[in-house]
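Asker: There's a structure below that I have some questions on.
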Amino acid sequence: MFSWSYVIEYFPKIIDKFPVTLQLVFIPFVVSFALGFGIALLRLKNIRAIDWLLKLYVSYVRCTPVITQMFIVYFGLPVLLQKFGIDAYDWRPEVFVYIAYSINISAFLSETIRASILAVPAGQMEAGFSVGMSSFQTMRGIIVPQALKISLPMLGNMFIGLFQATALAYMVNVVDMIGKARNLATMGGHLLEGYICCAMVFAVISLALEVLFRFVNRKLAFGHRYGIQRKAGA
């Protein structure tokens, strides 16, 4: 029978695993941002063979469920690495989740970043060349900052989506908040109470992140408009 007393009892035990969930978010997001940025730049080079391979990679990731990708990495990577004399069977399950989520998010991020770079007016690149900047300097100092502003709403949505997707990590034996809730249910038989605790944490953090990203986006948009107005007034 459902009891709020178990919700109160389980909550501190479940929230104790929140740092594990944070690691499952931040590590893959940082890795996937670097991968996604690299993929986006390579695709912008329009090298046919490389572009075809990257399109295939992105299409595979976007057309398969993340849980399937996680299982393939969890069960398949140790088999593959064993062929090269690397024993991955003793690795912590979190490592496989990091890899799976990095693969998944990098594909989506690459499309977002590529579209954002293409959305920057072509004249910006020409402006950089006109003052003696190299292609790298122009991309780093002019194009990328503007592209990041454009992509921020989508980056925020992906970050929140990744945070919520970490709820699947327990399926490969990661003891995060959901994993802890299941362990408590195994011992006490109150699974619903544990899931309610997890839902409360996910809801509060997701809403807080949404507010944060909206605030940052408004600030950046205001700064951009203010800069344009100052230039127009000058």
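As numbered in our numbering, residues 1237 to 1470 make up the sequence shown, in order.
Virtual Cβ for every residue (Gly too), placed ideally from N, Cα, C.
1. Compare the beta carbon distance of Leu1345 and Phe1269 with 7 angstroms and say whether it is the shorter of the two.
2. Quick one: using the 10 Å Cβ neighbour count with 16 as the cut-off for buried, is Lys1319 buried or exposed?
3. Ile1275 and Leu1290: beta carbons closer than 7 angstroms?
4. Identify, in the order they occur along the chain, each residue of the same chain with its Cβ nearer than 8 angstroms to the Cβ of Val1437, setting aside the five sequence neighbours on each side.
5. Just the Cα atoms here: how many angstroms apart are Val1297 and Lys1455?
6. Which same chain residues, not among the five before or five after Ile1386, have their C-beta less than 6 angstroms away from its C-beta?
7. Would you call Cys1299 buried or exposed, if buried means 16 or more other Cβ atoms sit within 10 Å of its Cβ?
8. Leaving aside the five residues before and after Thr1374 along the sequence, list all residues of the same chain whose C-beta is less than 6 angstroms from its C-beta, in chain order.
9. Please name the residue, chosen from Ala1457, Lys1281, Phe1247, Asp1326, that lies closest to Arg1382 on a Cα-to-Cα basis.
10. Using the Cα positions of Ile1336 and Ser1371, report the straight-line distance between them to the nearest angstrom.
11. Whose C-beta lies closer than 8 angstroms to the C-beta of Val1243 among residues of the same chain, with five residues either side of it excluded?
12. Contact defined as beta carbons within less than 8 angstroms: I believe Phe1399 pairs with Leu1445. What is the distance between those atoms, to the nearest angstrom?
13. Alpha carbon to alpha carbon, how far is Arg1284 from Ser1295?
14. Who are the Cβ neighbours of Gly1463 in its own chain at under 7 angstroms, not counting the five residues just before and after it?
15. State the DSSP-derived secondary structure class of Cys1434, mapped to helix, strand or coil.
16. Quick one: residues in its chain with C-beta nearer than 8 angstroms to the C-beta of Glu1330, no 5 flanking neighbours on either side, listed in chain order?
17. How many angstroms separate the CA atom of Leu1388 from the CA atom of Ser1366?
18. Who are the near neighbours of Ile1286 in its chain, counting only those whose CB is closer than 7 angstroms to its CB and skipping five residues on each side?
19. For the alpha helix (DSSP H) containing Leu1248, name the first residue and the last one.
20. Within the same chain, show all residues whose beta-carbon is closer than 6 angstroms to that of Val1267, passing over the 5 residues directly before and after it, in chain order.
21. Straight-line CA distance for Met1390 to Thr1348?
Answerer: On the basis of the supplied data:
1. yes
2. exposed
3. yes
4. Ile1250, Ile1251, Phe1254, Met1413
5. 33 angstroms
6. Ser1352, Ala1355
7. exposed
8. Met1361, Gly1364
9. In the sequence as displayed, the identity of residue 1382 is Gln instead of Arg. Measuring from the Cα of Gln1382, the nearest candidate turns out to be Ala1457.
10. Per the sequence shown, the amino acid found at residue 1336 is Ala instead of Ile. The alpha-carbon atoms of Ala1336 and Ser1371 are separated by roughly 33 angstroms.
11. Glu1429, Ile1432, Cys1433
12. 7 angstroms
13. 16 angstroms
14. In this prediction, Gly1463 has a pLDDT of 46, which is less than 50 and means its spatial position is unreliable; what the coordinates show is noted afterwards. So the list is empty, once near-sequence residues are dropped.
15. helix
16. Val1256, Gln1259, Leu1260, Ala1405, Val1410
17. 28 angstroms
18. Leu1278
19. Note that residue 1248 is Pro in the sequence shown here, rather than Leu. 1240-1251 is the span of the alpha helix (DSSP H), which, as asked, contains Pro1248.
20. Ser1338
21. 7 angstroms
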